[in-house]
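Sequential numbering from 136 applies to the sequence shown in the working numbering.
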Amino acid sequence: MSQTATKDSIPAPASAPAAARLTGRSLPRWAPAGFAAAGIALGCGLGAAAGWHSKVQWALLSALFFMVISYAVTSAVENRRQARDKVATSIVWVCFVLAVIPLFSLIWVTVSRGIKVLDGYFLTHSMAGVPGFEAGGGVYHALVGTLQQVGLAALISVPVGLLTAIYLVEYGRGALAKAVTFFVDVMTGIPSIVAGLFLLSIMLMFELQPSGLMGALALAILMLPVVVRSTEEMLKLVPNELREASLALGVPKWRTILKVVVPTALGGITTGVMLAVARIAGETAPIMLLVFGSQLINTNPFEGAQSSLPFYIWEQYRVGSEASYDRAWAAALVLIAFVMLLNLVARGIARWKAPKTGR
Numbered sequence: 136m137s138q139t140a141t142k143d144s145i146p147a148p149a150s151a152p153a154a155a156r157l158t159g160r161s162l163p164r165w166a167p168a169g170f171a172a173a174g175i176a177l178g179c180g181l182g183a184a185a186g187w188h189s190k191v192q193w194a195l196l197s198a199l200f201f202m203v204i205s206y207a208v209t210s211a212v213e214n215r216r217q218a219r220d221k222v223a224t225s226i227v228w229v230c231f232v233l234a235v236i237p238l239f240s241l242i243w244v245t246v247s248r249g250i251k252v253l254d255g256y257f258l259t260h261s262m263a264g265v266p267g268f269e270a271g272g273g274v275y276h277a278l279v280g281t282l283q284q285v286g287l288a289a290l291i292s293v294p295v296g297l298l299t300a301i302y303l304v305e306y307g308r309g310a311l312a313k314a315v316t317f318f319v320d321v322m323t324g325i326p327s328i329v330a331g332l333f334l335l336s337i338m339l340m341f342e343l344q345p346s347g348l349m350g351a352l353a354l355a356i357l358m359l360p361v362v363v364r365s366t367e368e369m370l371k372l373v374p375n376e377l378r379e380a381s382l383a384l385g386v387p388k389w390r391t392i393l394k395v396v397v398p399t400a401l402g403g404i405t406t407g408v409m410l411a412v413a414r415i416a417g418e419t420a421p422i423m424l425l426v427f428g429s430q431l432i433n434t435n436p437f438e439g440a441q442s443s444l445p446f447y448i449w450e451q452y453r454v455g456s457e458a459s460y461d462r463a464w465a466a467a468l469v470l471i472a473f474v475m476l477l478n479l480v481a482r483g484i485a486r487w488k489a490p491k492t493g494r
């Protein structure tokens, strides 16, 4: 009897109220979509009633109504803690939408304007003999120039950047490593026009002629710090246990780096290199100063003026005719497709070379 009375007198566990709260009222899954619809309706309606013509004002007002409705309804149905969580989630979604809308708007305008003249003829012909204000011509000479200049820049900067990153991660100690890190950080923020002016001063000192190589050297200067920084971060992610295991077997350090460290980080390194290439593919200022542009097809980057896709876009926009605007938009679409292709290749290589997990 005493044991039974003792068991009956034991209070309920402290988790009982929590369990009761968990089984309380909750909003359905479609509630955020309903809040968003109500916020958009109220924001657009109030904006139209107030005579606001800016769609940006309508969007900001709709986002504000969305967060207010989300907080008020969640507080009434659930509790204030869940309401604050819903508000934080709503802020994240609003920021995401505000970031994505300009991107999709840019892509939509570029595709709708550039598709008018983008065809096989446009991709396989140059502007030789075609007046800028007339229809016709193509982008082949600019596409060749971009591929050669970006390729030379990658050929110069990738080995130097890779070796620099290996030195900083595996060997760098003391004042020299700190100085290299400092200058890499400084070079990351250098404007492209500064790199172009630096190479232009060298051209004037040694009386060199404009060529694709000079533009590639300027692009290599812009690409180098990106390669160094991305490669350095990827090498730091390689577990030290792999290095220690290799060194414990008597493998020299240089061979450990070559056979263990670099292959492990190869996927991330490739992604960083591709992103650096995509970054320099749209530079215009160094090309204007060092390559000068050309209407003809020049397949020799070491001699004579060349064109590039960014320079071609600026050149056609400067003409100011309807035909030149169409060519500029088509070239912009080609450039976006080129950069997108590089990013897809980088993601594919990164996934292919990623370390295998599981059994």
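Using N, Cα and C, we set each Cβ at its ideal position, and we do this for glycine too. As the structure is a computational prediction, the values presented were derived from the model and not from experiment.
Per DSSP, Asn478 is one residue of the alpha helix (DSSP H) stretching across Glu457 to Lys488. Bridge partners of Gln441 according to DSSP: Phe427. 8 angstroms or more divides the Cβ of Val454 from the Cβ of Phe257. Distance from the CA atom of Thr281 to the CA atom of Lys371, rounded to whole angstroms, is 33 angstroms. The beta carbon of Asn478 sits closer than 8 angstroms to those of Met409, Leu410 and Ala413, all from its chain and outside the five residues before and after it, given in chain order. If you check the CB distance, Val252 and Arg462 come in under 8 angstroms. In the DSSP annotation of this structure, the continuous segment of the alpha helix (DSSP H) that includes Trp193 starts and ends at Lys190 to Val212.
Counting of Cβ neighbours within 10 angstroms places Ser336 among the exposed residues, the total staying below 16. By the criterion of a C-beta distance shorter than 8 angstroms, Val246 is surrounded in its chain by Leu468, once the five residues flanking it on both sides are discounted. About 5 angstroms separates the beta carbons of Gly178 and Phe200, which is inside the 8 angstroms limit, making them a contact pair. Of the candidates Thr299, Ser197 and Gly417, the residue whose Cα lies closest to the Cα of Ile471 is Gly417.
Inclusion of Tyr275 and Thr299 in the CB contact set at 8 angstroms is not warranted, their separation being larger than that value. Annotation: the region 224-271 contains the following complete segments of the alpha helix (DSSP H) (minimum length 4 residues), in chain order: 255-259. One alpha carbon belongs to Pro421, the other to Val362, and they sit about 19 angstroms apart. Between Gly255 and Thr366, the C-beta spacing is not below 8 angstroms. Put simply, the region 184-191 does not touch the region 201-217. Fewer than three CB pairs are less than 8 angstroms apart.
The shortest CA-to-CA distance from Ala172 to any of Ser161, Lys190, Ala194 and Arg160 is the one to Ala194. Close CB contacts of Ala481 within its chain, under the 7 angstroms cut and outside five residues either way in sequence, are with Thr405, Thr406, Met409 and Leu410 (chain order). Going by C-alpha positions, Ser459 is about 16 angstroms away from Ser443. Counting along the chain, no alpha helix (DSSP H) covers Arg308, and no H or E run does either. Counting only the Cα atoms, Met338 lies some 29 angstroms from Thr316. Around the C-beta of Phe446, 16 or more other C-beta atoms lie within 10 Å, and the residue is accordingly described as buried. The closest CA to that of Val244, considering only Asn435, Ala485, Trp464 and Ile415, is found on Trp464. Taking all protein chains in view, the Cβ of Gly324 is surrounded by fewer than 16 other Cβ atoms within 10 Å, so the residue is classified as exposed. With fewer than 16 other CB atoms across the displayed protein chains lying within 10 angstroms of its CB, Lys394 is exposed. Collapsing the DSSP output to three states places Val412 in a helix.
Rounded to the nearest angstrom, the gap between the Cα atoms of Arg248 and Pro360 is 35 angstroms. Ranked by how close their Cα comes to the Cα of Gly402, the residues Gln283, Pro266 and Arg486 have Arg486 in first place.
In this structure, Ser261 and Gln451 do not form a Cβ contact; the two beta carbons are roughly 13 angstroms apart against a cut-off of 8 angstroms.
Met358 is positioned such that its CB atom lies closer than 8 angstroms to that of Ser292. Within the same chain, no Cβ atom closer than 7 angstroms to the Cβ of Tyr302 is found once the five residues on either side in sequence are excluded. Excluding the 5 residues flanking it on each side, Leu196 has same chain C-beta neighbours closer than 7 angstroms at Gly178, Leu181 and Gly182, in chain order. Within its own chain, the residues whose Cβ lies closer than 8 angstroms to the Cβ of Ile242, once the five positions on either side in sequence are excluded, are Ile471, listed in chain order. Between Pro294 and Leu425, the CB-CB gap reaches or exceeds 8 angstroms.
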